Each structure stands twice: as C-alpha cells, then as structure tokens.
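In the numbering used here, the protein residues as written are 1 to 391. The beta-carbon is built from N, C-alpha and C at its ideal position, and this holds for glycine as well. All values reported here derive from a predicted model rather than from experimental measurement. The structure under discussion appears below in the form of structure tokens.
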C-alpha cells in the first residue's frame, strides 16, 4: 500500500502544508457546496468536461480546511491510472488507517470523475449507510445518474456546473464597463458569444485546448466507453448537431445524410447528451407530439460550437445563451402552423431575436397566447435585464 499512500499525499497537499489554490471563485456554485455541507446527502457535481468541477471542489476544500481538521478530508481523482486497481472502499479504509481515524469520526470524501468506476453507486451507498461521512462526487457523464437499481434514491442532491455566464466571463477576463460605456458591454458580450465559457480557454485563448477537449469527449467518453467503431460518422454527427444549434434537429434527416440507421442516430444523440456536449428541448404539446416532433438542439458551450461551425448565425448563438438562463426550468418550444416561438415554461413565453424585429406571423402568435409573463429578448440590454430578473 506504500504506492497508494504516496498517491493519497499527492492528491491531498493540505495534509502537510497550507493549501492555497490559485483559482477564481464561482460563488453561485460554491454556495450550493456550503449549503450541502451540514446535510447527510451525497452531493453529485455533474457537467461538461473542463467546465470547472474539479476547481470548485478544490476551492471548497480550501474553505473546509479552515474549520475541519485537514487529515479528515480526502480527495481522489478516480480516473487516475495509479489508483484504478483499488476499490473506493479500499481507498477509504487505507485513508482511515493512514491517519488513525476511527469509523465513528466524521470524514469528508471528494471523489472526482467517478462515472466510469465499476460499482460506484453500490460503493457510495455502502459508505453513506455504514460510515460517518460527507460525500461529494463529480462526473462528466450522466451515467452516474442512471441508477438502475435505485441504490442512491433519496440519498443525493445533484448540481450541474455550466460554462461561465457573462458576468463570470467578465470576472475571469478582469473586464468591466461603466453604465456610461454601454458600447464596451456590447463589445465584451460579442467576445463572450464567440468564445463561450470554458474557464481554461477563456484564460488562455488556446483553440487547440478546445479541439483536444472535444476529441477527448468523443474518443474517450463516447467511442471507447460505448464501443463505437465508426468514428468518422460520430464526429460528423456532432458537427451536424452544432450546425443545428438553436434549431429543430430531425434525427431521421441526419441519419439519411450520414447513411446510418435511425437507431444509431438516436444512440449517438443520447451519447452526446450524456456527456453534456448538447442539450435538447421538446416541442410543447401532448405526450405523443412531444415524442414524435423534432427536438431543438443547443450547444453546451459556444466556444466549442464556434470551433466546429465558425462564428456565424449570431441569432442562434444569442438564443443558445438565453437557453442557458432557463435550462433548469425545462422549457419547450411552440410550433403552430409553421410558426415557431422559442421557449415556453410555467407561466412564461419567450421569443429571442438578435438585433432584428419579430416577424408579423410570430408577433401575432406571440400576442395571442394568453400567459402571465412574456419576454421579447432582442439585444444585449434585454438579455442582461432578463438575466437579473430570472435568477
């Protein structure tokens, strides 16, 4: 176990020295960590690769070591090759042994990138049920949420970490604009539309980093994990989804274009959803219509979308940003007699136009729908006002 102990010390520098990670805080997510700390629940942190899940964990650990004995805090990256031969239970047992921690002493466990660990849900359940632990788990795949045997039912809280929003983008770039300099805000927003919100890319402007990120997800998280052999069709499928971002995407049409079966297209679509590269919303209507109608697709990050398609169709990009603001409200889109309205949820209706007027037929449908709140978002000011009101 000597090698394991060495790995654990490498993962947990706060055991031996003051811990000061040089990372930028994202308070809206850290607040969720803080609120969960005193509760028994397992906090599952999900989201796209490189969106900042590990950084958030380390920032929270930085806070935690100020009020908890550092040697009662364990962090491990479960996708590390050096520890793959050890089960989670073996790692925790050796951690307790290393620091002479009794089973009734509360410990804090942070398991990073846990999705592809065999039997991870069973191991988490056993720890939760039998030990005095607070558990935080991160995953770049939704597979960990598909708990087929309901082992973790009632034991978890899920938070999805999204790419940076516009205010976080400004903070990461150390940018600001006074109210008297609205033209600068619009300039910064255009840059945000182009670069998206992957933190490392925002700080580095390294397009190769984004390219490698997409390849890692497609080749490792999808092709390798699911045994996909036709890599050319898989990558082209993703390109077509990025082209359809903000639009209805017919899987039958895409399958015909690529010469693959409709079942294969459905599987590919699910793979990209599970790895958080895309989101999709259904058409508003009865269950049968929702299931049969094409879904509207949205890119998980606009920097990735623009890398694939080029920086064009700003209207679709702008709509994608509005979607991020309301994603958790589970919107659907309205489609009647060939006329589409972008989002409907609860008691709200939203139409998005970027620096252009709403068309007459859309306007008539928009005005005729009886609903409590209506939003026409057509410029940066509208967007920022909506963001402040909706959050």
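Opening and closing residue of the alpha helix (DSSP H) in which residue 260 lies: Here residue 260 belongs to no alpha helix (DSSP H), and DSSP marks it neither H nor E.
Roughly how far, in whole angstroms, is the beta-carbon of residue 158 from the beta-carbon of residue 301, given that I think they are within contact range, below 8 Å? Not quite, the Cβ-Cβ distance comes to about 20 Å (not below 8 Å), so this is no contact.
Residue 366: buried (16+ other C-beta within 10 angstroms of its C-beta) or exposed? With 16 or more Cβ atoms within 10 Å of its Cβ, residue 366 is classed as buried.
Hey, which unbroken runs of the beta strand (DSSP E) at 3 residues or more fall wholly within the segment 245-299? Within the segment 245-299, the complete beta strand (DSSP E) runs of at least 3 residues are 247-249, 278-281, 295-299.
Going by the beta-carbon positions, is the gap between residue 11 and residue 116 smaller than 8 Å? At a Cβ-Cβ threshold of 8 Å, residue 11 and residue 116 do not count as neighbours.
Which value, in whole angstroms, describes the spacing of the CA atoms of residue 81 and residue 61? For residue 81 and residue 61, the distance between alpha carbons rounds to 23 Å.
Going by beta-carbon coordinates alone, are residue 47 and residue 162 separated by less than 8 Å? The criterion of a C-beta distance shorter than 8 Å is satisfied by residue 47 and residue 162.
Spatial neighbours of residue 387 within its chain, please: CB distance less than 6 Å, with the 5 preceding and 5 following residues excluded, ordered by chain position. The residues are 325.
Anyone know if the C-beta pair for residue 113 and residue 55 falls short of 8 Å? Cβ atoms of residue 113 and residue 55: not closer than 8 Å.
What did DSSP end up calling residue 342 once you bin it into helix, strand or coil? Residue state for residue 342 is assigned as strand, using DSSP reduced to three classes.
When you compare the CB positions of residue 372 and residue 389, do they come within less than 8 Å of one another, or not? In terms of Cβ geometry, residue 372 and residue 389 do not form a close pair [threshold 8 Å].
Inter-residue Cα distance where the pair is residue 279 and residue 103: C-alpha separation (whole angstroms): 42 Å.
Can you give me the start and stop residues for the alpha helix (DSSP H) that residue 239 sits inside? Segment 231-243, the alpha helix (DSSP H) holding residue 239.
Kindly indicate the opening and closing residues of the alpha helix (DSSP H) around residue 311. That residue, residue 311, is in no alpha helix (DSSP H); it is neither H nor E in DSSP.
I need the straight-line Cα distance from residue 237 to residue 222, nearest angstrom please. Linking residue 237 to residue 222 through their CA atoms gives a straight-line distance of about 13 Å.
Beta-carbon proximity list for residue 320, same chain, < 7 Å, skipping 5 on both sides: Cβ within range, chain order: 245, 246, 298, 299, 302.
Out of 256, 364, 271, 358, state which residue places its alpha-carbon closest to the alpha-carbon of residue 377. The option with the nearest alpha carbon to residue 377 is 358.
Does the segment 330-347 come close enough to the segment 306-315 that 3 or more CB-CB pairs lie under 8 Å? With a cut-off of 8 Å on Cβ pairs, the segment 306-315 is not in contact with the segment 330-347, counting fewer than three such pairs.
Going residue by residue through the segment 189-219, where are the continuous alpha helix (DSSP H) segments of at least 4 residues, counting only ones entirely within it? Within the segment 189-219, the complete alpha helix (DSSP H) runs of at least 4 residues are 199-204, 207-216.
Residues in the same chain with beta-carbon distance under 7 Å from residue 250, minus the five sequence neighbours each way, listed in chain order, please. These residues qualify, in order along the chain: 294.
Three or more C-beta pairs under 8 Å: does that hold for the segment 165-184 against the segment 194-211? Touching, per the Cβ criterion.
Among 193, 59, 8, 141, which residue has its Cα nearest to the Cα of residue 23? Ranking 193, 59, 8, 141 by CA distance to the CA of residue 23 puts 59 first.
Give me the DSSP bridge partner(s) of residue 110. Residue 110 has 75, 136 as its beta-bridge partners, per DSSP.
For residue 170, which residues in the same chain have their Cβ closer than 7 Å to its Cβ, ignoring the five residues on either side in sequence? Once the five neighbours on either side are set aside, the close Cβ partners of residue 170 are 176, 188.
What does DSSP give as the partner residue(s) for residue 125 in the beta ladder? Residue pairing for residue 125: DSSP places it in no beta bridge.
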